[in-house]
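Note that the working numbering numbers the sequence shown so that position 71 is 309, with each residue one more than the last.
Note that CB positions come from ideal geometry on N, CA and C, so glycine has one too.
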Amino acid sequence: MPGAGLRPSPTLDVPRLDIGTSVAKEAYAALKRAITTMDIYDHRQEIRLDERRLSEGLGVSRTPIREAMTLLEQEGFVRTRPRRGIVVVRKTKRELVELITVMAALESMAARLAAERASDVDIAGLHRLMDEFSGGNEGERLDDYSEANIAFHQAIIKLSGCAALAKMTENLFIHMRAIRKITIHQDNRAARSITDHLRIIEALERRDPELAERLAREHTLGLAAHVEEHGGFLDARRDDGTDTRTARRWTNETR
């Protein structure tokens, strides 16, 4: 959690590659998978990527690593900083609130389309995903529910049947996933999240696109409001010598 004791700088969990395939392509795919599954807001250090270590970890030369980094920078996953190397991009509080607001629009349209297009079997799958946590025990299994929460939002996008929506949300999801994993632990948000999800599922079952759209939008905008109120830690970076008490206050106030 932000504001906890100092932790070692995080490292990417990357597998060695089969060099018989297109090495640069495989390096790009492996690094992108590793970055998108990290909890990039769960620690205060910058996440720096070392070409030599990545080369050794993946079992390839530095050339495909550099080619992969170029693509990842173009997509907004990493940034090259003078004298500091390559770092994983993290958003400021204002940027993240804006990103969540955009995601609310996209997810709400996805919910609308899902109400019109998703099969009964697919919607029943959403119900099974939430039913496991609807007995009031989500507080005992927050890590499990956090993953189910993320899976629910991914499923809504998929059930829209709209490839353009899936593509537009792909690069946003690294930040959405990370901030949802943090906030679900605070301010009783898990219980509220389950209630919101069940209402969205009910609207989908009723094939009510207007209601599904509104509920999905309000649900994600609730996350934006939470980050707006409590996300001061996002603008405090240990690397810059910033006072870490902001993050500690955010963590303590929202538990």
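Backbone secondary structure at residue i - three-state DSSP
{"i": "Arg317", "result": "strand"}
{"i": "Leu287", "result": "strand"}
{"i": "Gly399", "result": "coil"}
{"i": "Ile412", "result": "helix"}
{"i": "Gly297", "result": "coil"}
{"i": "Tyr495", "result": "No information on residue 495 is available, as it lies outside the stretch 239 to 493 that the chain covers here."}
{"i": "Asp446", "result": "coil"}
{"i": "Ser384", "result": "helix"}
{"i": "Gln424", "result": "coil"}
Heavy atom of the ligand HEM within 8 Å of residue i beta-carbon
{"i": "Ala401", "result": "The model on display carries no ligand, and the ligand HEM is accordingly not part of it."}
Separation of residue j from residue i, as counted between CA atoms
{"i": "Glu345", "j": "Glu456", "result": "10 Å"}
{"i": "Asp381", "j": "Ala389", "result": "13 Å"}
{"i": "Arg322", "j": "Phe315", "result": "16 Å"}
{"i": "Ala272", "j": "Arg290", "result": "17 Å"}
{"i": "Lys419", "j": "Ser299", "result": "34 Å"}
{"i": "Arg487", "j": "Arg282", "result": "Caution is warranted here: a pLDDT of 41 is assigned to Arg487, below 50, making its placement in the model unreliable, and the coordinate value is therefore given only provisionally. When rounded, the distance between both Cα atoms is 14 Å."}
Reference residue i; option with closest CA among the options
{"i": "Asp277", "options": "Ser260, Asp369, Thr421", "result": "Thr421"}
{"i": "Thr318", "options": "Arg304, Thr330, Lys331", "result": "Arg304"}
{"i": "Asn387", "options": "Glu443, Val325, Glu466, His365", "result": "His365"}
{"i": "Asp288", "options": "Ile412, Ile417, Leu250", "result": "Leu250"}
{"i": "Ile394", "options": "Lys331, Leu310, Ala441, Val327", "result": "Ala441"}
{"i": "Leu472", "options": "Asn409, Arg332, Thr301, Leu310", "result": "Arg332"}
{"i": "Thr274", "options": "Arg444, Ala416, His423, Ala462", "result": "Ala416"}
Neighbourhood of residue i by C-beta, 6 Å cutoff - its chain only, sequence neighbours within 5 removed
{"i": "Asp434", "result": "His457"}
{"i": "Thr339", "result": "Ala462"}
In DSSP terms, what residue i is bridged to
{"i": "Ile324", "result": "Leu287, Thr318"}
Neighbourhood of residue i by C-beta distance below 8 Å, restricted to the same chain and skipping five residues each side
{"i": "Asn409", "result": "Glu313, Gly314, Phe315"}
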